[in-house]
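Going down the list, the sequences are from chains A and B. For the first sequence, the positions run 120 to 445 when my numbering is used. For the second sequence, the positions run 120 to 445 when my numbering is used. For each residue, glycine too, the CB sits at the ideal point set by N, CA and C. Each remark here refers to the structure printed beneath this line.
Number of protein chains: 2
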Amino acid sequence: MQISEIGANALIDRLTASFEGFDNRDDAALFDLKGMGVTATHLMLEGVHFDLRYMPVHHLGYKAVATTLSNLAAMNATPAYISVAIGVTAQWEVEDLETLYKGIRIATERFGVKLLGGDTAPSVAGFTIAVTAIGSADPDTVVCRKGAAPNDLICVSGNLGAAYMGLKALEREQEAYDGSSDYKHDLGDRTYLLERQLTPQPRFDIMDMLSLAGVKTTSMIDVTKGIARDLLALSQASGVGMKLYEERLPIDYETASMAEEIGINVFSAALYGGEDYELLFTVPLGFKDVIEQMEGIAIVGYVTEPGTPALLITQDGREVELKEQE
Amino acid sequence: MQISEIGANALIDRLTASFEGFDNRDDAALFDLKGMGVTATHLMLEGVHFDLRYMPVHHLGYKAVATTLSNLAAMNATPAYISVAIGVTAQWEVEDLETLYKGIRIATERFGVKLLGGDTAPSVAGFTIAVTAIGSADPDTVVCRKGAAPNDLICVSGNLGAAYMGLKALEREQEAYDGSSDYKHDLGDRTYLLERQLTPQPRFDIMDMLSLAGVKTTSMIDVTKGIARDLLALSQASGVGMKLYEERLPIDYETASMAEEIGINVFSAALYGGEDYELLFTVPLGFKDVIEQMEGIAIVGYVTEPGTPALLITQDGREVELKEQE
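Structure follows, in structure tokens:
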């Protein structure tokens, strides 16, 4: 059904029918919050953040929510609400938007947040989605990028480079479909990589695990641009140097296998691929034993004195200074 | 300066240097809120909501903030914070973004809100700006679209159609500049209309005036799509009929003069032009005398029984049912 055939109110009704307790027809949305508020907005643009030729629409809805919530995980905050603003091009039909909202709903249910409302506008230049998350934080346990101190351990959750390799698998499939490559494989054996690309998981579970174990994180960021750039951001915000050991980077077997298959250096994928949505954080050295016992957290380096640079120590022992690059 | 020449952190520093108290380098932004929270997001897309050929960039920044805050005015809420997410195309330079942020800053200062943070992404398909506003409301005085009751008076602040006529003036100027029209006038004598198009004012002042006079509004919306459509939204949300009198529509002399000059029916401009950002609201009949004494508020109709339609009563006495149309 064409979007122009359905009124704005009827469209909102259709899209939000399965969202429990949604009842907002107003200009703005009301919400309740305990404690200190936290908010983040993530803007995703067609052709930059996603390619609708190989990004299924329900995954786009899911991913837009999950990646926004990841910002709150990176502050050790608890998400409560989201609102969704979309710019819709003429080729989108009502059913496509329903599929998008299905993905949004799955994410809201998984992460326990409520849809507050949003904004729907026509777009003449690509599909646009901006998700705003609102939640709360405890001032005593909120974690910022600033706070890393010399000798703190640098830790990262999960593994790195898998989402990037998932993207490469999707791109290769698309090229085969377009006829611009003679690749014949199917995507079935790259399920894990595709999941990492299409349905990232904000790591609230990691913060829960650390909290239960009494581990205090001194600084934190989520890995969106690749650990090399996100580590530099931590280093700059905290005003300290850092040493990151390439050989310590946690890399899944599937990531390495795919990298080898397509001739990409797997460490480059892990360092610069991005979209991992893992947590990169620092803890005081005293927690070393506790962290080492934990499943799913790797110690990848340590914090050095103020005035020293952020360094990557390569596998062959060279020191490479991490620099900001757009 | 090219945006690629400057690091992400240095860019944020430059853009936010003149925002008092801005200090956010984190994944999400912290805020304090008293009472019930209120939030709204407004997404503006190049080619749909603005044309950069005749929308000066600092006005775009200002307007994006002002129009988002208007949503909070329409709930009788008090704005406190904004965050700004932008998608930036390759032709934008650092100085352009500084100009945009200058407009944003002027709006934050005028309306007493604090910039929390945001998201900056590259865009391959038009400039994109999404502003999220967060504020607070008093549960006893918050006003929704739902709540209008039979015999309530329908009121609107300011005047209608001026922003649309401002747009027409800008479009005509652009056509002359392109050489596609032989129009020779300058814009100097259309200042008021241009102001209404470029620097809309969320009408917090009207809510203050009503509050001081003890007037209770039963339902409210801001006029963004034109009073005809926004009245219909009030009517639908409240489940009542409405009668809107065309002859009662408040229209500025400049609007009428411009409409005549370019051969547009001024009542059509007032009914359907949109972007007025005035407040359309209902009050119990008992406040009639108080409202009639007030400068800048017009009584344009009244609420009818549930089950009756939303009607426009034209100047020649015909009844036209208002219908939703995209």
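Alpha carbon to alpha carbon, how far is residue j from residue i? Give it in angstroms, no decimals.
{"i": "residue 354/B", "j": "residue 196/B", "result": "21 angstroms"}
{"i": "residue 201/B", "j": "residue 233/B", "result": "6 angstroms"}
{"i": "residue 332/B", "j": "residue 279/B", "result": "24 angstroms"}
{"i": "residue 293/A", "j": "residue 175/A", "result": "13 angstroms"}
{"i": "residue 431/B", "j": "residue 260/A", "result": "57 angstroms"}
{"i": "residue 133/B", "j": "residue 153/B", "result": "31 angstroms"}
{"i": "residue 172/A", "j": "residue 380/B", "result": "48 angstroms"}
{"i": "residue 218/B", "j": "residue 313/B", "result": "19 angstroms"}
{"i": "residue 398/A", "j": "residue 326/A", "result": "9 angstroms"}
{"i": "residue 211/A", "j": "residue 250/A", "result": "19 angstroms"}
{"i": "residue 276/B", "j": "residue 390/B", "result": "14 angstroms"}
{"i": "residue 435/B", "j": "residue 367/B", "result": "13 angstroms"}
{"i": "residue 364/A", "j": "residue 423/A", "result": "13 angstroms"}
{"i": "residue 179/B", "j": "residue 162/B", "result": "12 angstroms"}
{"i": "residue 194/A", "j": "residue 340/A", "result": "7 angstroms"}
{"i": "residue 177/B", "j": "residue 213/B", "result": "13 angstroms"}
{"i": "residue 445/B", "j": "residue 347/B", "result": "For residue 445/B, the pLDDT reaches just 46, beneath the cut-off of 50, and the residue's location in the model is therefore unreliable, although a value from the coordinates is still provided. Going from the Cα of residue 445/B to the Cα of residue 347/B covers about 13 angstroms."}
{"i": "residue 358/B", "j": "residue 328/B", "result": "28 angstroms"}
{"i": "residue 308/A", "j": "residue 377/A", "result": "10 angstroms"}
{"i": "residue 124/B", "j": "residue 242/B", "result": "17 angstroms"}
{"i": "residue 396/A", "j": "residue 374/A", "result": "15 angstroms"}
{"i": "residue 447/A", "j": "residue 144/B", "result": "This structure cannot speak to residue 447/A, because chain A is shown only from 120 to 445."}
{"i": "residue 223/B", "j": "residue 184/B", "result": "6 angstroms"}
{"i": "residue 273/A", "j": "residue 255/A", "result": "26 angstroms"}
{"i": "residue 288/A", "j": "residue 295/B", "result": "51 angstroms"}
{"i": "residue 443/A", "j": "residue 263/B", "result": "47 angstroms"}
{"i": "residue 336/B", "j": "residue 420/B", "result": "15 angstroms"}
{"i": "residue 401/B", "j": "residue 283/A", "result": "54 angstroms"}
{"i": "residue 141/B", "j": "residue 310/A", "result": "43 angstroms"}
With residue i as the anchor, note down where its alpha helix (DSSP H) starts and where it stops.
{"i": "residue 179/A", "result": "176-192"}
{"i": "residue 131/B", "result": "127-135"}
Quick one: which chain B residues come within Cβ less than 7 angstroms of residue i?
{"i": "residue 146/A", "result": "159, 190, 193, 194, 340 and 341"}
Locate the beta strand (DSSP E) running through residue i, then write down its first and last residues.
{"i": "residue 416/A", "result": "416-423"}
{"i": "residue 158/B", "result": "155-164"}
{"i": "residue 430/B", "result": "429-432"}
{"i": "residue 120/A", "result": "Neither: residue 120/A is in no beta strand (DSSP E) and is coded neither H nor E."}
{"i": "residue 173/B", "result": "Element bounds for residue 173/B: n/a, residue is neither H nor E."}
{"i": "residue 359/A", "result": "Careful: residue 359/A lies outside any beta strand (DSSP E) and carries neither H nor E."}
{"i": "residue 150/A", "result": "148-150"}
{"i": "residue 440/B", "result": "438-440"}
So which residues of chain A does residue i contact, with C-beta pairs closer than 7 angstroms?
{"i": "residue 249/B", "result": "160, 162, 204 and 249"}
{"i": "residue 155/B", "result": "149 and 151"}
{"i": "residue 263/B", "result": "145"}
{"i": "residue 217/B", "result": "Chain A residues near residue 217/B: none, gap ~17 angstroms exceeds 7 angstroms."}
Since residue i meets chain A, which of its residues come closer than 8 angstroms, beta carbon to beta carbon?
{"i": "residue 168/B", "result": "240"}
{"i": "residue 244/B", "result": "164, 165, 166, 244 and 245"}
List, in order along the chain, the chain B residues whose C-beta lies closer than 8 angstroms to that of residue i?
{"i": "residue 253/A", "result": "156, 158 and 253"}
{"i": "residue 237/A", "result": "160"}
{"i": "residue 256/A", "result": "149"}
Using a C-beta to C-beta distance shorter than 9 angstroms, which residues of chain B count as neighbours of residue i?
{"i": "residue 443/A", "result": "126, 127, 128 and 129"}
Can you give me, in chain order, the residues of the segment 353-379 of chain B that have a beta carbon less than 7 angstroms from any beta carbon in chain A?
Those residues of the segment 353-379 of chain B that come within reach of chain A (Cβ to Cβ, closer than 7 angstroms) are 355 and 356.
- [ ] Please list the residues of the segment 180-196 of chain B that have a C-beta atom closer than 7 angstroms to any C-beta atom in chain A, keeping them in chain order.
- [x] Within the segment 180-196 of chain B, the residues whose Cβ lies closer than 7 angstroms to some Cβ of chain A are 190, 191, 193, 194 and 196, listed in chain order.
Cβ-based contacts, 7 angstroms cut-off: residues of the segment 398-412 of chain A near chain B
Look at the segment 398-412 of chain A: it has no residue with a C-beta under 7 angstroms from a C-beta of chain B.
Any alpha helix (DSSP H) of 4 or more consecutive residues that is wholly inside the segment 378-413 of chain A
Along the segment 378-413 of chain A, the alpha helix (DSSP H) occurs as fully enclosed runs of 4 or more residues at 385-391 and 407-412, listed in sequence order.
Query raised in the report: In chain order, which alpha helix (DSSP H) runs of at least 4 residues are fully inside the segment 296-357 of chain B?
Result: When DSSP assignments are scanned along the segment 296-357 of chain B, the uninterrupted stretches of alpha helix (DSSP H) that are 4 or more residues long and fall wholly within it turn out to be 310-317, 323-331 and 346-357.
Entirely within the segment 184-238 of chain A and at least 3 residues each: give me those beta strand (DSSP E) ranges in chain order. Secondary structure within the segment 184-238 of chain A: the beta strand (DSSP E) runs of 3 or more consecutive residues, fully enclosed, are 197-207 (chain order).
As an exercise, report each continuous alpha helix (DSSP H) stretch of at least 4 residues that is fully enclosed by the segment 241-297 of chain B, in chain order. Taking only runs of at least 4 residues, the alpha helix (DSSP H) segments lying wholly in the segment 241-297 of chain B are 281-297.
Quick one: which residues of the segment 123-147 of chain B get their C-beta closer than 7 angstroms to a C-beta of chain A? List them in chain order. For the segment 123-147 of chain B, which is checked against every Cβ of chain A, the residues closer than 7 angstroms are 123, 126, 127, 128, 144, 145, 146 and 147.
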